[in-house]
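One structure below.
There are 2 protein chains.
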Amino acid sequence: MKTAIITVGKEVLTGKTTNTNLRTIASRLNQIGIDVNRSFVIDDKLEEYHEILDFIDEDLIIFTGGLGPTIDDITRETVINYFGVDTYINQDILKGIKSYFDHINVEMKDTNNKQALFPKKSIILDNKLGTAPGVIFNVNNKTIVLFPGPPHEMLPMLEELIKYLEKVNEIKYFSKGFKLVGTGESTMEKSLTGFYELHPNVNIAPYAGIGEIKYIFTSINKLDLENAMNEFYKLFPKFVFGDLNDTLEGVVVKLLTDKKMIISVVESCTGGMLASSITNVSGSSSVFNESIVTYSNEAKIKYLDIKLDTLNTYGAVSSECALEMSKKLFEKTNSDITVSITGIAGPTGGTKEKPIGLVYFGVTFKGENKTYKKMFNGNRYMIRKRATIFALDLVRKELL
Amino acid sequence: MKTAIITVGKEVLTGKTTNTNLRTIASRLNQIGIDVNRSFVIDDKLEEYHEILDFIDEDLIIFTGGLGPTIDDITRETVINYFGVDTYINQDILKGIKSYFDHINVEMKDTNNKQALFPKKSIILDNKLGTAPGVIFNVNNKTIVLFPGPPHEMLPMLEELIKYLEKVNEIKYFSKGFKLVGTGESTMEKSLTGFYELHPNVNIAPYAGIGEIKYIFTSINKLDLENAMNEFYKLFPKFVFGDLNDTLEGVVVKLLTDKKMIISVVESCTGGMLASSITNVSGSSSVFNESIVTYSNEAKIKYLDIKLDTLNTYGAVSSECALEMSKKLFEKTNSDITVSITGIAGPTGGTKEKPIGLVYFGVTFKGENKTYKKMFNGNRYMIRKRATIFALDLVRKELL
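Chain order of the listed sequences is A and B.
Taking numbering that gives the first Met the number 0, I'd label the letters of the first sequence as residues 0 to 399.
Taking numbering that gives the first Met the number 0, I'd label the letters of the second sequence as residues 0 to 399.
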């Protein structure tokens, strides 16, 4: 199934945005054995659509972007008209768009009507996170797919497309994977020397993120897939925290829930990112009651009675302060485990002794206090993000 | 100068890598008034190069990738042969490649010789970070550019290209923009009916994100550009919070810094996201000392003495509770402005009276207490994110 992905948008062509949709769609298609042949980025002009559609000969053609309500958003009508298929206005979708606007208390504009235009024979891809629905239709032995541009709106529709393609495609691919934390891609690749050759029927691909790596395994043979995954897991039991649907914070909240434990955190340089990450998990309210951001020394004293002596002798960014923070937080809250983070996120405030990226952590659990010292790379956001992930992983390892 | 960027590489087509070169090159060209017309990603097969080169009619054609020494790296010879220009082996470059291999203590292969192949009339782009030099050459009134794929090798060559283009180009384009909050794309478009026609020499394009919209203005006439932007600003002074380089939290931190004011926040459903967002701004430590996440009712009572009566009569998600939270936080901290957030982020916990997405805000500033009620759409993350943006915008408006 030769595939072309066409991204519509000035924002990509002017370099205001990175084309992440291409990567997302291509890697997901890859998992079910579909190769992307070519990819295009075009401007939202009628003639650009026509030129590309005249040019390409792929069997599966996926557009992203240009489904919105503005006059610039012409993907839906242009592509549908190009193929000359019969259309209709879907009243259910129209109602859905109306109720979306009611729900957010905004008046619906006439221009939104065109978002309910569909080929007569088509599969509608619901948009629960915006007003622009997607669509799949078949014409001239080709499958045409229209996705909205915003990644969070596109993502659920991509899963619908995968289901559809798995149905029409005869070979079924199996795809699973692991998520890992606490290791890096080059370290992993070194450890995996020779591993790929032992599993020739399984496609194994790493995808590195900030502080996290995914390994995705794909095969048409379920047994081969499971073998490869078992062998892989045996190599890295400490680093694997879950499968592709897991999030590190989700795993931590589940561990806490299973053990009926309460967590509290106190943050300095991450400024609420750890608390925010835990509370982004639905159901976190049963394991999380309270947390504090003690950004200034005064706040550290006010909320946790951190000794002035500790702050003066060792400084706020120190193992001693991190230890005292998690210990005092444990004493002052009804928690089973407490974590503290204090560090230098930059871009200013670094010194020779305490450079940017230096972060101390404290963990208090089962009467024990532990501290950790780490150096993180990257800009302010990345240092904060990596510190948050490291703290979550500390909790995960303590609870296991 | 119509421009096409062609990325060569299976890595991008399988979703292993994000095509960051496109963004880097496009945004840099944009700064000197050159629009990228279209962009392509192709596999490194001879026929793929030929098909694309037959198809495109752009004046400036930039390839990235496929300049390395392996048999898969065929960009250089394929593109040069396609245009049928005379070539030669550059002995200086060949020597350079040899000494690079000496330097890294690796034996040079014959296949590396091809990296010294150039059109007779061409500008060689030195590669100080790898073995593959780039090249600029002109043929049939077109400018052809070949860059290596690795971003750090490509970057210095891009600057050489920019210098070259600035010399040959005569027209200069200008590009600026606004970021807006508190409005939606369709509402904006309705308000802008007729506006685009009044500014025919300015390209004006909206880009919507979660809770935020950008409008980017581009023109060859600086005065036209400034006129359009001034008129635009007059229409939406309340919504515009900054230019394209600004972030909402950055603007808020700057306003607080300028007014020498301290902010504290208390969060329930956003669970630290607002604090984390403020503290992601470098320099926020001068306006931010402390904050709390009071997720449970007990924490609301413990940290802020929220009246049991308020919680029992109105519930934690209520205007009354939001009001009491920001008021008590103001009393208990040495802050000039306090903000509270309490709501239902879902996906569970919604009721008919208090559905998912319902969020209350409290603001205490200059002796006044205000509350706000909002309904947000989307999943848990988006509701939290939108609540965070709304709270930041409340602070911005109070401070203005």
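Ideal Cβ positions, reconstructed from N, Cα and C, are used throughout, including at glycine.
As assigned by DSSP and simplified to three states, the class of residue i
{"i": "A207 of chain A", "result": "strand"}
{"i": "F62 of chain A", "result": "strand"}
{"i": "I55 of chain A", "result": "coil"}
{"i": "D72 of chain A", "result": "coil"}
{"i": "F375 of chain B", "result": "coil"}
{"i": "K331 of chain B", "result": "helix"}
{"i": "A386 of chain A", "result": "helix"}
{"i": "Y302 of chain A", "result": "helix"}
{"i": "S263 of chain A", "result": "strand"}
{"i": "T407 of chain B", "result": "Outside the displayed span of chain B (0 to 399) sits residue 407 of chain B, for which this structure offers no information."}
{"i": "T370 of chain A", "result": "strand"}
{"i": "T6 of chain B", "result": "strand"}
{"i": "K326 of chain A", "result": "helix"}
{"i": "G249 of chain A", "result": "helix"}
{"i": "D308 of chain A", "result": "helix"}
Straight-line gap, residue i to residue j (C-alpha atoms, nearest Å)
{"i": "G95 of chain A", "j": "M153 of chain B", "result": "47 Å"}
{"i": "S218 of chain A", "j": "F375 of chain B", "result": "41 Å"}
{"i": "I287 of chain B", "j": "P118 of chain B", "result": "Looking at the sequence itself, residue 287 of chain B is Phe, so the reference to Ile does not match. So the two alpha carbons sit approximately 60 Å from each other."}
{"i": "G133 of chain B", "j": "K120 of chain A", "result": "50 Å"}
{"i": "I41 of chain B", "j": "G64 of chain B", "result": "10 Å"}
{"i": "T23 of chain A", "j": "K213 of chain A", "result": "13 Å"}
{"i": "G356 of chain A", "j": "K44 of chain A", "result": "46 Å"}
{"i": "A353 of chain A", "j": "D392 of chain A", "result": "Residue identity check: residue 353 of chain A is Lys in the sequence provided, not Ala. Cα to Cα, the separation comes out at about 23 Å."}
{"i": "A274 of chain B", "j": "N202 of chain B", "result": "37 Å"}
{"i": "K253 of chain B", "j": "E188 of chain A", "result": "44 Å"}
{"i": "L255 of chain B", "j": "S295 of chain A", "result": "16 Å"}
{"i": "T186 of chain B", "j": "E297 of chain B", "result": "41 Å"}
{"i": "K97 of chain A", "j": "T2 of chain A", "result": "34 Å"}
{"i": "T278 of chain B", "j": "P68 of chain A", "result": "35 Å"}
{"i": "Q90 of chain A", "j": "L116 of chain A", "result": "9 Å"}
{"i": "E158 of chain B", "j": "L66 of chain B", "result": "18 Å"}
{"i": "E10 of chain A", "j": "G176 of chain B", "result": "12 Å"}
{"i": "T182 of chain B", "j": "G282 of chain A", "result": "31 Å"}
CB contact check: residue i to chain A, cutoff 9 Å
{"i": "C268 of chain B", "result": "yes"}
{"i": "I209 of chain B", "result": "yes"}
{"i": "A386 of chain B", "result": "no"}
{"i": "P346 of chain B", "result": "yes"}
{"i": "F329 of chain B", "result": "no"}
{"i": "N279 of chain B", "result": "yes"}
{"i": "G282 of chain B", "result": "yes"}
{"i": "F173 of chain B", "result": "no"}
{"i": "K119 of chain B", "result": "no"}
{"i": "M156 of chain B", "result": "no"}
{"i": "S276 of chain B", "result": "yes"}
9 Å Cβ cutoff, residue i in contact with chain B
{"i": "L273 of chain A", "result": "yes"}
{"i": "H102 of chain A", "result": "yes"}
{"i": "A321 of chain A", "result": "no"}
{"i": "G349 of chain A", "result": "no"}
{"i": "E446 of chain A", "result": "Residue 446 of chain A cannot be examined here, being either before or after the span of chain A that is shown, 0 to 399."}
{"i": "Y99 of chain A", "result": "yes"}
{"i": "S325 of chain A", "result": "no"}
{"i": "I70 of chain A", "result": "yes"}
{"i": "A204 of chain A", "result": "yes"}
{"i": "G424 of chain A", "result": "Residue 424 of chain A lies beyond the residue range present for chain A, which begins at 0 and ends at 399; the question has no answer from this structure."}
{"i": "T341 of chain A", "result": "no"}
{"i": "N112 of chain A", "result": "no"}
Listed by chain order, chain C residues near residue i by CB distance under 7 Å
{"i": "F177 of chain A", "result": "Chain labels in this structure do not include chain C; the protein chains are A and B."}
Of all the residues that make up the segment 18-48 of chain B, which are near chain A by a beta-carbon distance shorter than 8 Å?
Legend: CB atoms of the segment 18-48 of chain B lying less than 8 Å from CB atoms of chain A belong to residues N18, T19, L21, R22, T23, I24, A25, S26, R27, L28, N29, D34, V35, N36, R37, S38, F39, V40, I41, D42, E47.
Using a Cβ cut-off of 8 Å, which residues of the segment 124-148 of chain B contact any Cβ in chain A, in chain order?
Against chain A - using a Cβ distance shorter than 8 Å - the segment 124-148 of chain B contributes no residues.
As an exercise, report each continuous beta strand (DSSP E) stretch of at least 3 residues that is fully enclosed by the segment 212-240 of chain A, in chain order.
Fully enclosed beta strand (DSSP E) runs of 3 or longer: not present.
What are the residues in the segment 354-379 of chain B lying within 7 Å of chain A by C-beta distance?
When C-beta distances to chain A are compared with 7 Å, the residues of the segment 354-379 of chain B below that value are M374, N376, G377, N378, R379, in chain order.
What are the start and end residues of each continuous beta strand (DSSP E) run of 3 or more residues lying completely inside the segment 24-51 of chain B, in chain order?
For the segment 24-51 of chain B, whole beta strand (DSSP E) runs of length 3 or above, ordered along the chain, are 35-41.
Taking a cut of 7 Å between CB atoms, which residues from the segment 179-201 of chain A lie near chain B?
Shown here is that no member of the segment 179-201 of chain A has a Cβ falling below 7 Å from a Cβ of chain B.
Using a Cβ-Cβ cutoff of 9 Å, what residues of the segment 212-223 of chain B are near chain A? List them in chain order.
Flagged, chain order: K213, I215, T217.
Return the residues of the segment 285-298 of chain A that lie within a Cβ-Cβ distance of less than 8 Å from chain B, sorted by chain order.
Per Cβ criterion, the list reads F287, N288, E289, S290, I291, V292, T293, Y294, S295, E297, A298.
In chain order, each beta strand (DSSP E) run of at least 3 residues that lies wholly inside the segment 170-197 of chain B:
Fully contained in the segment 170-197 of chain B are the following beta strand (DSSP E) runs of length 3 or more, in chain order: 173-180.
Let me know the beta strand (DSSP E) ranges lying completely inside the segment 96-148 of chain A, each 3 residues or longer, listed in chain order.
List check, beta strand (DSSP E) in window: 116-118, 122-124, 133-138, 141-146.
Anything in the segment 75-96 of chain A with a Cβ closer than 7 Å to a Cβ of chain B? List those residues in chain order, please.
Identification of residues in the segment 75-96 of chain A having a C-beta nearer than 7 Å to some C-beta of chain B yields an empty set.
May I ask you to list, following chain order, the residues of the segment 227-259 of chain A that have a beta carbon less than 9 Å from some beta carbon of chain B?
Going along the segment 227-259 of chain A in chain order, one finds no residue with a Cβ nearer than 9 Å to chain B.
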